[in-house]
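Chemist: Dumping the structure here so I can ask a few things about it.
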Amino acid sequence: MADIFTPKVRSRVMASIKGKNTKPELLLRRGLHAKGLRYRLHDRSLPGQPDMIFPRHDAVLFAHGCFWHGHPDCHLFKWPKTRPRFWRRKIGKNIRRDETNVALLLEEGWRTGIVWECALKGKTRLPYHDVISQCHEWVLSDIAMLDIEGKTH
Ligand SMILES: [Zn+2]
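Okay, here's the thing in structure tokens:
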């Protein structure tokens, strides 16, 4: 069957589906690397395969796409009009899985942070350097959790 997307668009679509190497994630990586932090990527042995792992600091970071992770009250998340039952089931499952993964990580002694896509993208985005500084300070801290989302309207 012919692909309905151009190769460039297809690769972006696939990245957003698998949730790896998405644009917000790349922005975070670049900024934190520039701050001198070193990390591993997508460790399969950890619950939820965190996007970035900072072993020296017992910390992991996720860059969550607002649609796939069902970010509530977010302009980047709207329930699709077609096949509503399918989407409620699918996104609902993702949300529950995320909650379980965070609980497991904390239990295993990993400090766990989430940066939502809307903090880095669109009309709700925060100044890039603020997001990077917050993440950087958090990684160096002893605080268990971090949650950065875009400005609400
Ligand atoms: Zn969001």
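Each residue of the sequence shown is one higher than the one before, counting from 219 in the working numbering.
No residue lacks a Cβ here, since even glycine has one placed at the ideal position from N, Cα and C.
It should be emphasised that the depicted structure is a prediction, and the values quoted were computed from it without experimental measurement.
By a C-beta neighbour count over all protein chains shown, 10 Å radius and 16 as the cutoff for buried, is T370 buried or exposed?
Modeler: In the sequence shown, counting from the first residue as 1, residue 370 sits at position 152. By the 10 Å Cβ count, T370 comes out exposed.
Chemist: When the Cα atoms are used, what is the spatial distance from L255 to G288?
Modeler: One-based indexing of the sequence shown puts residue 255 at position 37. One-based indexing of the sequence shown puts residue 288 at position 70. If you take the alpha carbons of L255 and G288, they lie about 29 Å apart.
Chemist: Please list the segments of the alpha helix (DSSP H) lying wholly inside the segment 271 to 337, counting only runs of 4 or more residues, in order along the chain.
Modeler: The segment 271 to 337 contains these whole alpha helix (DSSP H) runs: 302 to 325.
Chemist: State yes or no: is the C-beta of L245 nearer than 8 Å to some heavy atom of ligand 1?
Modeler: Position 27 of the sequence shown holds residue 245. No, the beta carbon of L245 sits no closer than 8 Å to any heavy atom of ligand 1.
Chemist: Quick one: give me the first and last residue of the beta strand (DSSP E) that L366 is part of.
Modeler: Looking up residue 366 in the sequence shown gives position 148. Looking at the sequence shown, residue 366 is not Leu but Ile. Run containing I366: M363 to I366, per the beta strand (DSSP E) assignment.
Chemist: Here's the rule: buried if 16 or more other CB atoms are within 10 angstroms of the residue's CB, otherwise exposed. What is E367?
Modeler: Counting from one through the sequence shown, the residue named residue 367 turns up at place 149. By the 10 Å Cβ count, E367 comes out buried.
Chemist: What do you reckon, are the CB atoms on A337 and P242 nearer than 9 Å?
Modeler: Here residue 337 refers to the residue found at position 119 when the sequence shown is read from its first residue. Here residue 242 refers to the residue found at position 24 when the sequence shown is read from its first residue. Yes. Within cutoff.
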